[in-house]
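Before any comments, here is the structure.
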Amino acid sequence: METRNSNRFSRADQSERALGRGSPIGAAYFPDPVRSGLSGAGPEREAPFAILPQGIRTRGRLWADAAGLARQLPDGDYLVNLCEDRYAFCLALLAAAMRGQVALLPPSLQAGILREILDAHPRAYLAGDRDLVAGVGAHFRVIPPAEETRPAERPSLDYEHAAVIAFTSGSTGRPKPCRHSLATFAASASMALAALGLANESALVVSTTPPQHMFGLETSIFWPLFSGLALHPGRPFFPEDLRRTVLSAARPCLLATTPAHLSAVVRTGGDWGNLRAVICSTSSLSPELARQAEALFGAPVIELYGSTETLSLASRRTARESPWRPYEGVRLTPRDSGKTGLATPHLPAPVELDDQIRPERDGRFSLLGRDSDMIKIGGKRGSLADLNHRLASVAGLRDGLFHAYQDARGHDRLAAVVVGEADRSEIIEGLRPYLDELFLPRRIHHVAEIPRNETGKVLRENWRALLATLGYGDGSGTAT
Numbered sequence: 002m003e004t005r006n007s008n009r010f011s012r013a014d015q016s017e018r019a020l021g022r023g024s025p026i027g028a029a030y031f032p033d034p035v036r037s038g039l040s041g042a043g044p045e046r047e048a049p050f051a052i053l054p055q056g057i058r059t060r061g062r063l064w065a066d067a068a069g070l071a072r073q074l075p076d077g078d079y080l081v082n083l084c085e086d087r088y089a090f091c092l093a094l095l096a097a098a099m100r101g102q103v104a105l106l107p108p109s110l111q112a113g114i115l116r117e118i119l120d121a122h123p124r125a126y127l128a129g130d131r132d133l134v135a136g137v138g139a140h141f142r143v144i145p146p147a148e149e150t151r152p153a154e155r156p157s158l159d160y161e162h163a164a165v166i167a168f169t170s171g172s173t174g175r176p177k178p179c180r181h182s183l184a185t186f187a188a189s190a191s192m193a194l195a196a197l198g199l200a201n202e203s204a205l206v207v208s209t210t211p212p213q214h215m216f217g218l219e220t221s222i223f224w225p226l227f228s229g230l231a232l233h234p235g236r237p238f239f240p241e242d243l244r245r246t247v248l249s250a251a252r253p254c255l256l257a258t259t260p261a262h263l264s265a266v267v268r269t270g271g272d273w274g275n276l277r278a279v280i281c282s283t284s285s286l287s288p289e290l291a292r293q294a295e296a297l298f299g300a301p302v303i304e305l306y307g308s309t310e311t312l313s314l315a316s317r318r319t320a321r322e323s324p325w326r327p328y329e330g331v332r333l334t335p336r337d338s339g340k341t342g343l344a345t346p347h348l349p350a351p352v353e354l355d356d357q358i359r360p361e362r363d364g365r366f367s368l369l370g371r372d373s374d375m376i377k378i379g380g381k382r383g384s385l386a387d388l389n390h391r392l393a394s395v396a397g398l399r400d401g402l403f404h405a406y407q408d409a410r411g412h413d414r415l416a417a418v419v420v421g422e423a424d425r426s427e428i429i430e431g432l433r434p435y436l437d438e439l440f441l442p443r444r445i446h447h448v449a450e451i452p453r454n455e456t457g458k459v460l461r462e463n464w465r466a467l468l469a470t471l472g473y474g475d476g477s478g479t480a481t
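Next comes the structure, spelled out in structure tokens:
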């Protein structure tokens, strides 16, 4: 196993050096495409789209199944897509587009969140493949047909007007709706796959992230839909279930996951010989975890940069590089306000990012934090995101976040909330080479876990509740 991984890794390194020379922007991380006997060489309708427990679903069967579902959908303006099975999710999304309905993707399945979405969108209805939360309202049951249907050609959809509304996670406050057209997703997928060297791949995309979340939506739904990649319908959660899914797959796998999930996988170990590469996002990935994962998998671990508002727009191989590589056509411009202007082919108009960046001479860029993320301790400015990034790299810690608070005398201080075996002295010594003394935590709190949601994010209300139990009042920043 080790020899095979080592050889494959070496070949990937050689290919990367050959293709990446003189082309830091959009250089492929694993440029040699994997093709399998399942890859369709005939008309598009005969090409595989999904590998289900029942067998292969071709792209022609996908379009036929979606058209059949579209004829069954209730009248309405909005379909709230709650499907957990990714094939059912994709059918519901496409069927809604065929009917001229907007697909709404809730940030969670909590009853209160669903009621808020229904109240804000008249003529919306719920559609799912599982029993839904009681008391929310009637819903349409999405059941992919078990019987064979005659393959269909790709329909003539209005990609510019067919819309999906995703919601931000709520990690910085109340979830915010973000509307994107299918044309935006198609262009974004093309840019991402070209940048990562995946445009000609036929690997199976296995994801641990819900398809309602933008990272899961992009990688596990739209990447297969607009390329030769194949969709895996499930969402294996436990590391051993995930490993068995990868090993038993009929083709090499592309794993889309979060840093929190990746950390659990690395601690579990095992044989991951059928893994082509790992795509990671939703929160900061530490270089140390990325290196450990690459050593375990014998495959590249690629981190994506983006947001619900923008989709992904840059990448990096975190084990080897800190700056980000923007996708082809992405233009980022630092502004005097501390924010960043973004112009990119996949969005209909320029937007402004809260993140501060520093352009590098080779075309890459470094993240400096965001205005709402900046803190001042003893007259010096720093970024909580960077501090958290450093904390996550400390040996002996599985998770950790900084918190800025005021002490009894009104002075700004920093505390660290951590999960792991490292004691105070080990944490301080792990941070000291990288941080000014002013930014070393005055307080360190060991907790059983940090309340992350299923995508690895920490919702503001949950973070404040934890801080309150640690003596920080209502969690807003004053220590008691």
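Numbering (my numbering), first residue to last: 2 to 481.
By construction, the Cβ of each residue, glycine as well, lies at the ideal position given by its N, Cα and C atoms.
Since we're looking at a predicted model, the values are computed, not measured.
For Ala257, the uninterrupted beta strand (DSSP E) segment begins and ends at 254-258. A contact is defined here as three or more CB-CB pairs under 8 Å, and the stretch 268-278 meets this definition with respect to the stretch 233-251. DSSP, read as helix, strand or coil, puts Gln293 in helix. The stretch 86-98 makes contact with the stretch 208-225: 3 or more CB pairs, one atom from each, lie closer than 8 Å.
Phe238 has its alpha-carbon roughly 16 Å from the corresponding atom of Gly271. In this structure, DSSP gives Asp387 a helical state, which the three-state scheme calls helix.
At a Cβ-Cβ threshold of 9 Å, Thr334 and Leu348 do not count as neighbours. Boundaries of the beta strand (DSSP E) harbouring Phe403: 398-407, taken from the DSSP string.
Excluding the 5 residues flanking it on each side, Pro234 has same chain C-beta neighbours closer than 6 Å at Leu53, Asp86, Arg87, Tyr88, in chain order. In the three-state reduction of the DSSP assignment, Leu199 falls in the coil class. DSSP assignment within the stretch 403-470 yields the following whole alpha helix (DSSP H) runs of 4 residues or more, N-terminal first: 425-432, 461-470. Contact between the stretch 449-468 and the stretch 407-415 is not established, with fewer than three Cβ pairs separated by less than 8 Å.
Secondary structure of Tyr126 (DSSP, three-state): strand.
According to DSSP, residue pairing for Thr334 in a beta bridge involves Gly342.
Here the alpha carbon of Arg332 sits roughly 6 Å from the alpha carbon of Thr345. Between the C-alpha atoms of Asp374 and Pro324 there is a straight-line separation of about 19 Å. Between the stretch 53-67 and the stretch 256-270, the count of Cβ pairs shorter than 8 Å is below three; the stretches do not touch. The alpha-carbon of Ala68 is positioned some 7 Å away from that of Met99. Within the DSSP bridge table, the entry for Thr59 names Pro49 as partners. Secondary structure at Ser394: coil, using DSSP grouped into helix, strand and coil. A straight-line Cα-Cα distance of about 29 Å links Gly77 and Ser308. Note that the C-beta distance between His262 and Thr209 is below 9 Å. Distance from the CA of Ala147 to the CA of Glu430, rounded to the nearest whole angstrom, comes to 59 Å.
When only Cα atoms are considered, Leu460 and Ser170 end up about 7 Å apart. Apart from sequence neighbours up to five positions away, the residues of its chain that approach Ala65 with a beta-carbon distance below 8 Å are Thr150, Arg151, Pro152, Ala153, ordered along the chain. A residue is called buried when at least 16 other Cβ atoms come within 10 angstroms of its Cβ; Arg433 does not meet this threshold and is exposed.
A residue is called buried when at least 16 other Cβ atoms come within 10 angstroms of its Cβ; Glu47 does not meet this threshold and is exposed. Minimum Cα-Cα distance from Tyr435 among the listed residues His447, Leu392, Tyr473, Arg444 corresponds to Leu392.
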